[in-house]
Structure formats: C-alpha cells, structure tokens
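Worksheet for the structure shown next.
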Amino acid sequence: MTPELPNGPISLFLDVDGTLIDIAPRPDAVVVAPHLIETLNILDRRLDGALALVSGRTIADLDHLFHPLRLRASGVHGAEMRFDANHETESVAGDAVSEDIVARLRDIAGSHVGTLVENKRYSVAIHYRAAPAAREELARELQLLIQSEAGQDLRILPGHMVFELKRATFDKGVAIGNFLTRAPFQGRRPIFCGDDVTDTPGFDAVLAAGGLAFSVGFSRPGLSGSFADPAAVRDWLAHMAQMEASGG
C-alpha cells in the first residue's frame, strides 16, 4: 500500500529493525542502504526536523548504522532520548540494569546454544533466532528471574525472536509522547511505522494524539493501515522524498 499523507503538518516516527531495514540473523549483521540514508536526510529537512527514529537499539548504535546522518531519536525502547540531533543523548530510564542481573541472564543464555545476550545498559536482550526451540524454556527462566527480583520492577518485553528485560517506566509510547510536547513535533499530526509487539505503545500513542499508525509485515485491527515489508516502507519514504525534490 502507499498511504496518502494527511493535510497539514506531520511528524514522522520510524522504528528501525523490521521497519526501515530488513531483520538479520544478528543485530550487528543488518545492512542500511545508502539511498535510505539520503531519503531520511531529505525528509528530515522537509519536515523541519520533525522526524525521529524510535528503536530498541541504543542511539549510539543508530548513529553508527545511519552515519553520517544524525537524527532526533529514541533508543532502548524509550530509555534514551535525543530531542535535538545536535545535542547529546539523555537517559530517562533511571538506573541501569544491575550487573548481577546481567550476569544471571548470561548464565541463562549460556545453557541454550545459539542464544545471544545484548546488554543495552537500560535493558538486556536475549536473542534466540538461532535457537528457536529454546523459546518456551527461556520465557520460563526469565519469568522466574523477574519473580526473584520483584523490587527491580522488571518486565519481559517479547519481540521478533528476542526477549528483553526492561523496567516498566519507559516504552516507545512514552518516548513519542515526550517528542510531541516539544518543537518541532508539537502541533503536528504524528505518523508512526512499526513491525513488532514492542511498537504497540507507539501505535497507541500516535492514535491517541489523532495521528496515523502503520504496521509492517502484518495487519492489525484498529491501525491506519499496513505495509507488506520494509522494502515497501522504504519505497513509500522515497516517494515522499521525491515529492520534496520536485517541489510536490
């Protein structure tokens, strides 16, 4: 599908893995095409900066992927915020996940060959794409860990072949809400594209603000529409950028 843009000023919020770029076997194996970077650069200018990446990755990782482009961004599911592309990253998550919990997660992953632990400071992910049979046992062990650490206010965030431990105080919806109270996003109609259950708070936030929410790779009742895959999202964004280049 090719969604029509609403009349009036908009802001654009974009998930990254599975939305802008294709998912890879490992987080460090993804590929960002140069034309996507140029597309985002054009759209960022067109929207006067009202474009933000909203990702589970750290903002430092996003900067590495999209170098030399720096955009407004939220990282680690809302734990990190960069409200201005020229400013430093702010933490809104409080304390990092303790080293004791990280060590326990590494022990859990170590008993399942093919799993990968990714420590993002404010959350810790266990990827099991290379060990899909471990899913149920991982979920059980993580639930037991959370129950033993009740005072930490941890929750399990399931995603595409990944479980992530994070605190309940931040998510992508909170991140988008924080952007919407600030220039240049304030007063614009928000649009959010995401592909995973981790994006659900973001969908809810933009719909509550009168915006549009688009899923990628699946259709979900109540959303504004869907894209077949990241390639379709990239084509849609390129079309918008081409309109800008031609003065459309």
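The numbering used here puts the first residue of the sequence shown at 757, with every later residue one more than the last.
Virtual Cβ for every residue (Gly too), placed ideally from N, Cα, C.
For this session: Would you check if the segment 789 to 796 and the segment 883 to 897 touch, i.e. whether three or more CB-CB distances between them fall below 8 Å?
Result: Fewer than three pairs of CB atoms, one per stretch, sit closer than 8 Å, so the segment 883 to 897 makes no contact with the segment 789 to 796.
Problem set entry | Residue from THR956, SER867, SER811, VAL853 whose Cα sits closest to the Cα of ARG777 | Contrary to the premise, residue 777 reads as Ile rather than Arg in this sequence. It is SER811 whose Cα lies nearest to the Cα of ILE777.
For this session: Using beta-carbon positions only, say whether THR871 and ALA859 come within less than 9 Å of one another.
Result: Their beta carbons are not under 9 Å apart, which means THR871 does not touch ALA859 by this criterion.
Exercise. Hey, out of PHE948, LEU861, LEU910, whose CA is closest to HIS883's CA?
Worked result: Looking at the Cα atoms, LEU861 is the closest of the given residues.
For this session: Check whether the segment 779 to 786 touches the segment 895 to 914, taking contact to mean three or more Cβ pairs, one atom from each stretch, closer than 8 Å.
Result: Contact fails: fewer than three Cβ-Cβ distances are below 8 Å.
Problem set entry | Three CB pairs or more closer than 8 Å across the segment 832 to 841 and the segment 874 to 882 | Verdict: yes, contact present.
Problem set entry | C-beta contact flag for PHE983 and GLY973 at 9 Å | Yes, they are a contact pair.
Exercise. Per DSSP, ALA881 is paired with what?
Worked result: Answer is GLU874, GLU920.
For this session: Using three-state DSSP, classify ARG976 as helix, strand or coil.
Result: It is coil, neither helix nor strand.
For this session: Could you check the C-alpha separation between PHE926 and ALA849 for me, to the nearest Å?
Result: Here the alpha carbons of ALA849 and PHE926 stand approximately 7 Å from one another.
For this session: Spatial neighbours of VAL953 within its chain, please: CB distance less than 7 Å, with the 5 preceding and 5 following residues excluded, ordered by chain position.
Result: For VAL953, where only same-chain residues beyond five positions count, the Cβ hits under 7 Å are PRO914, GLY915.
Exercise. Cα separation between THR814 and SER767?
Worked result: So the alpha carbons of these two residues sit roughly 21 Å apart.
For this session: With a 10 Å radius around its C-beta and 16 neighbouring C-beta atoms as the bar for buried, classify LEU910 as buried or exposed.
Result: By the neighbour-count definition (other C-beta atoms within 10 Å, threshold 16), LEU910 is a buried residue.
For this session: Report the three-state DSSP secondary structure of VAL832 (helix, strand or coil).
Result: Note: VAL832 maps to helix in three-state DSSP.
Exercise. For LEU993 versus SER980, is the C-beta distance shorter than 9 Å?
Worked result: Taking a C-beta distance under 9 Å as the contact criterion, LEU993 and SER980 do not qualify as a contact pair.
Exercise. In the structure shown, what three-state DSSP assignment does PHE769 receive?
Worked result: Shown here, PHE769 sits in a strand according to DSSP, grouped into three states.
For this session: Express the C-alpha separation of VAL788 and ASP985 in angstroms, rounding to a whole number.
Result: Spanning the two alpha carbons is a distance of roughly 15 Å.
For this session: Reducing DSSP to helix, strand and coil, say where GLY950 ends up.
Result: GLY950: strand per DSSP, three-state reduction.
For this session: Measure the alpha-carbon distance for ARG923 versus GLN908 and round it to whole angstroms.
Result: Taking the Cα positions, ARG923 is about 8 Å away from GLN908.
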